[in-house]
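**Q** The structure that follows is given in the form of structure tokens.
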Ligand code: SF4
Ligand code: SF4
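Numbering (my numbering), first residue to last: 21 to 86.
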């Protein structure tokens, strides 16, 4: 099962670090409020989660993300 990055929108501070770290261009900052992952582009590599200074990204199995 492919994995997917999941952003905790409550703790995200919209710094944009994850957006720069993502090799697939899968992350954008939604209305300046929080990071949003485009499911179709994310390959679950986890680089965004490592880069996030607030620790608010987790990479999960797609079946877990609802
Ligand atoms: S897991 Fe990888 S591909 Fe998916 S959003 Fe994060 S950096 Fe981008
Ligand atoms: S690096 Fe973390 S805090 Fe910054 S925009 Fe991405 S998810 Fe939000």
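Each residue gets a CB set at the ideal place from its N, CA and C atoms; glycine is no exception. Here the structure is a predicted model, which is why all the values come from computation and not from measurement.
Starting from residue 70, follow the alpha helix (DSSP H) in both directions and report where the run begins and ends.
**A** 67-71
**Q** Please give me, in chain order, every unbroken run of the beta strand (DSSP E) with length at least 3 that falls completely inside the stretch 29-55.
**A** You should have 47-50.
**Q** Would you report the Cα separation of residue 48 and residue 62, rounded to the nearest angstrom?
**A** 12 Å
**Q** What does DSSP give as the partner residues of residue 79 in its beta bridges?
**A** Residue 79 is bridged by DSSP to 25.
**Q** Determine the contact status of residue 65 and residue 38, defining contact as a CB-CB distance below 7 Å.
**A** no
**Q** Taking the Cβ atom as the reference point for each residue, do residue 74 and residue 57 lie within a distance shorter than 7 Å?
**A** no
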